[in-house]
Amino acid sequence: MLDRVSQQLEKYMDLVTTRQKLVTANIANIDTPGYRTKDIQFQQEFQSLVDGEEPRVIDVPNLKVKNDGNDVSLDREARMLSENDLRFTLAENILHDRIKEIRSAIQEGGQ
Amino acid sequence: MSLFSALSVSASGMSAQRSRAELLVENLANAETTHTPDGGPYRRKDAVFQSTDVSSSFADMFQVEMNPQSAGVEVSKIVVDQRDPEKRYMPGHPDADKDGYVSFPRINPSEDMVDLISSTRNYEGNIAAMSAVKDMIQRSIDLLR
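Sequence order for the protein chains is A and B. Using my numbering, read the first sequence as starting at 988 and increasing by one per residue. Using my numbering, read the second sequence as starting at 2 and increasing by one per residue.
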């Protein structure tokens, strides 16, 4: 029922969700010795998700490693947290409008 | 793909930081304890974390089995400080040895206070992550309105 753009929006939101999960895991593991910051390559993975592949998780390179072998930066994770939130809100708003259009077509068509 | 397992990840982080804060507070409270049930002075304790898969329900467990990327955290062990106790010359003290020295725990309150601040901040970080995820879930639900 929904068009192609809406289906891609859904995939986009899925990908933002995956990324947000990695951010929460990074924040939870901020004091875990040897833990490396995990992320996905967003643009690249979006393309492959549209092609029907699962996102690949990578260790983020070039972060400052602390004495305990952990390289989680709270500043980076805070940025990612709000970035993902904004991306999700944007996609959600567009998708919501599209669903509203369809609903109004259903409701107004019957009258 | 469920956002609910992200909530479990943040919850595991909060619980781990809370355990650590409990140990740090215990250290501060026992900074002058010269007598313990095991004998000898109190010894400083600290928590070591390790990442772990979170499992809150069957669906999440299944998710974790399918793609092991959502790593929570848990306290893997509690390390007890094995350094020699600090000797202070207090001949009148009931725990004094034959030379008049009392063994005190080797605890540096500043060290524990700094760790406590870090623990509190990281706990807040987990709360921020949790509320961001909660908002995302709420907005997904609002799509149906």
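Where a beta carbon is used, it is the ideal one built from N, C-alpha and C, also for glycine.
Annotated three-state conformation of G126/B is helix, per DSSP.
Around Q1028/A, the same chain offers I1045 as residues with beta carbons nearer than 7 Å, after the five sequence neighbours per side are excluded.
For the stretch 118–137 of chain B, the residues whose beta carbon sits under 9 Å from a beta carbon of chain A are, in order, S119, S120, R122, N123, G126, N127, A129, A130, M131, A133, V134, D136, M137. By the neighbour-count criterion, in which 16 or more other beta carbons inside 10 Å mark a residue as buried, G1096/A falls on the exposed side. Counting C-beta atoms within 10 angstroms of its own C-beta, A133/B has 16 or more neighbours from the protein chains shown and is therefore classed as buried. Residue nearest to M91/B within the set S104/B, D82/B, R84/B is S104/B (criterion: CA-CA distance). For V74/B, the residues of chain A that pass the 7 Å Cβ criterion are A1015, N1016, T1019, in the order they occur in the chain.
Approximately 23 Å separates the beta-carbon atoms of V1010/A and N1054/A; this is outside 8 Å, ruling out the contact.
Taking 8 Å as the upper bound for CB-CB distance, K46/B and E27/B are in contact here, some 7 Å apart. Looking from the CA of L4/B, the closest CA among S141/B, R146/B, L145/B belongs to S141/B. Note: S52/B is bridge-paired with V74/B in the DSSP secondary-structure output.
Here the stretch 1079–1093 of chain A does not lie against the stretch 76–89 of chain B, with fewer than 3 beta-carbon pairs under 8 Å apart. In terms of Cα proximity to D39/B, the closest of V81/B, A129/B, L29/B, E125/B is V81/B. Counting only Cβ-Cβ distances below 7 Å, S6/B has contacts in chain A at K1008, in chain order. The CB of Y1022/A comes closer than 9 Å to the CB of F50, Q51, S52, A72, V74 in chain B, given here in chain order. Between I1017/A and L1050/A, the CB-CB gap reaches or exceeds 8 Å.
Here Y90/B carries a strand assignment [DSSP, helix/strand/coil]. In this structure, T1019/A is the residue among S993/A, F1033/A, T1019/A, Q1034/A with its C-alpha nearest to the C-alpha of V49/B.
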